[in-house]
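Accompanying notes for the structure given below.
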Amino acid sequence: MEALKKATKEDLRLQKLLSMYACVTNLIPDLGDESKISGHIVDRDKRRIEKFEFDPLKTSSDEICNTLWKVMDQ
């Protein structure tokens, strides 16, 4: 029972952390598929959601990072 409470508490902490990350960066990562880097960029002011997806085997980390920075700055 104690392990279940601890796991639930950790899940809640991680959800809050992900929510804070999304609020600060406007990025909502898709954590379901570890073979790609993907998610959504949310612009609440413009009411726009843009999907992003990168294949880490075909795209360098620097290129992924720079592309996401450019999209976030728009």
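Note that the sequence shown covers residues 0 to 73 in numbering that gives the first Met the number 0. C-beta atoms are modelled at their ideal positions from N, C-alpha and C, and glycine is treated no differently. The structure displayed is predicted, hence computed values, not measured ones.
Next on the checklist: Please classify residue 31 as buried or exposed, where buried requires at least 16 neighbouring CB atoms within 10 angstroms.
Outcome noted: exposed
Item to check | Three-pair Cβ contact test at 8 Å for the segment 65–72 versus the segment 9–28 | outcome: yes
Next on the checklist: Just to confirm the assignment, what range does the beta strand (DSSP E) spanning residue 26 have?
Outcome noted: 26–28
Item to check | Spatial distance of residue 57 from residue 37 (CA atoms) | outcome: One C-alpha to the other measures close to 14 Å.
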